[in-house]
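Step one of this worksheet: look at the structure below.
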Amino acid sequence: AISLPALLLFFIVIKEKGIFTLRGTTRFALFLIPIVMVLVISYFDLYKLGGLIFYQFTGNQFFTLTPVPQMALVVIAVGGFLLNGYLFVNPSAQLAAFLGVFISSVLLLHDYQHQAAALLFCSTAGILLVAAVIQESYSMAYLDELTGLPGRRALNEELQKLGNKYTLAMVDIDHFKKFNDTYGHGVGDQVLRKVAAQLASVGMGGKAFRLGGEEFCLVFASKPVGLVGEEMEKLCKSIANSRFALRRMEKANKDGKKQRLFVTISIGVAEREEGVTKPWSVVKAADQALYRAKSRGRNRVSI
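Given below as structure tokens:
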């Protein structure tokens with residue numbers, strides 16, 4: 001009762017770095033601790049330790065409602081508080097599933113004598129873990145880890161769902177290589193995340209995808225090129241008027257203030273025309289429009 005919540009918490013906090021690495025084997029070795037403890041207590045006749053486990057801090061009748069020892073309840077309360085705090089700071093579907101497993105484990109300890117309840121709680125924990133694995137697999141396959149935007153595979157599937165009327169916009173961060181060369185890849189990653197966040201909140205129901213590097217694609221289903229072009233003009237101006245503050249202190253000014261960067265984007269827009277059957281033909285047309293925008297001085301929209 002004491003070791004299970006604590007082990008679950010450690011298993012969640014210690015990040016996985018391979019199965020056959022030192023950290024990976026340590027994570028799985030943690031689950032051997034309860035077995036070793038039972039064997040040691042049995043072999044050396046240390047049953048007096050049970051008095052510590054079942055020590056009662058108070059005689060309040062409230063604690064008689066559960067067979068879980070008070071010492072274990074303290075560990076559960078502390079573990080639940082820490083796990084909720086960790087989930088709040090690092091929100092993810094995987095951690096949420098582990099929180100569900102933690103709760104199911106606690107309920108199992110409370111009602112372990114009833115076979116049906118034990119089966120229900122164990123099944124719930126298993127389903128949550130399977131759901132977490134599925135969600136993690138989806139994220140690895142379809143989402144860009146750096147920006148959180150859907151990637152090229154997700155774009156391929158999205159293009160197959162489109163009807164006969166849609167508009168695509170190709171977006172490229174101007175002089176992105178210069179950011180990496182001048183300020184380092186860490187700053188380049190900051191710029192990518194900032195731009196991606198603004199693309200993700202674009203209007204007119206546009207969906208943002210990261211193709212790779214500094215290139216993105218926006219999909220506007222059932223939207224004409226004229227309206228999309230106007231929306232892209234607003235987006236282009238919005239990013240140009242934004243100021244990106246560096247987080248890295250080594251790039252701060254001498255007076256301690258964070259240095260601010262000016263970031264601009266170029267956008268190429270294309271609409272599906274009659275007779276075009278392949279969505280990637282529209283992507284190519286938008287890419288050509290993007291090239292025109294960059295050749296005309298960047299920080300502009302070309303249709």
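Numbered continuously in my numbering, the sequence shown closes out at residue 303.
Where is the CB? At the ideal position from N, CA and C, for every residue including glycine.
Computed from a prediction, not measured in an experiment: that's the story for all the values here.
Query: Neighbourhood of Ala118 by C-beta distance below 8 Å, restricted to the same chain and skipping five residues each side; Result: Leu108, Asp111, Tyr112
Query: Whole-angstrom distance between Arg272 and Tyr166, CA atom to CA atom; Result: 6 Å
Query: At least 3 beta-carbon pairs within less than 8 Å: the segment 118-127 vs the segment 68-81; Result: no
Query: contact_flag[the segment 178-193, the segment 273-285] where n(CB pairs < 8 Å) is 3 or more; Result: no
Query: 6 Å Cβ shell around Val171 - same chain, five flanking residues per side excluded; Result: Phe216, Ile265, Ile267
Query: Assigned exposure category for Leu146 - 16 Cβ within 10 Å defines buried; Result: exposed
Query: Rounded distance between the beta-carbons of Leu227 and Val202, thought under 8 Å; Result: That pair is no contact at about 12 Å.
Query: Pair within 8 Å by beta-carbon distance, Phe262 and Val191; Result: no
Query: Gly80 and Phe98 closer than 8 Å at C-beta; Result: no
Query: Environment of Asn84 [buried if 16+ CB atoms lie within 10 Å]; Result: exposed
Query: Closest residue to Ala154 among Leu218, Ile127, Thr58, Ala197 (Cα-Cα distance); Result: Leu218
Query: Contained alpha helix (DSSP H) runs [length at least 4] in the segment 56-93, N- to C-terminal order; Result: 70-89
Query: DSSP three-state assignment for Tyr138, whether helix, strand or coil; Result: helix
Query: Candidates Lys194, Ala200, Ser222, Arg300: closest to Ser242 by CA position; Result: Lys194
Query: Cβ-based neighbour list, Glu250, same chain, cut-off 6 Å, excluding 5 preceding and 5 following; Result: Legend: pLDDT at Glu250 = 44, less than 50; position of this residue unreliable, value from coordinates given subsequently. If we look at Glu250 and ignore the five residues flanking it on each side, it has no Cβ neighbours.
Query: Under 8 Å between C-beta atoms of Leu149 and Ala221; Result: no
Query: Residue burial classification, Ser105 (beta-carbon count within 10 angstroms, cutoff 16); Result: buried
Query: Own chain residues within Cβ distance below 7 Å of Leu129, not counting five before or after; Result: Ala97, Val101
Query: Span separating the alpha-carbon of Thr66 from that of Ala72; Result: 11 Å
Query: Cα-Cα separation, Arg260 to Thr26; Result: 43 Å
Query: Cβ neighbours of Leu9 in the same chain (closer than 8 Å, five flanking residues each side left out); Result: Gly79, Leu82, Leu83, Phe102
Query: Nearest neighbour of Lys237, chosen from Asn60, Pro91, Gln198, Gln115 [CA to CA]; Result: Gln198
Query: Straight-line Cα distance separating Ile127 from Thr277; Result: 42 Å
Query: Length of the line joining the Cα atoms of His175 and Leu22; Result: 42 Å
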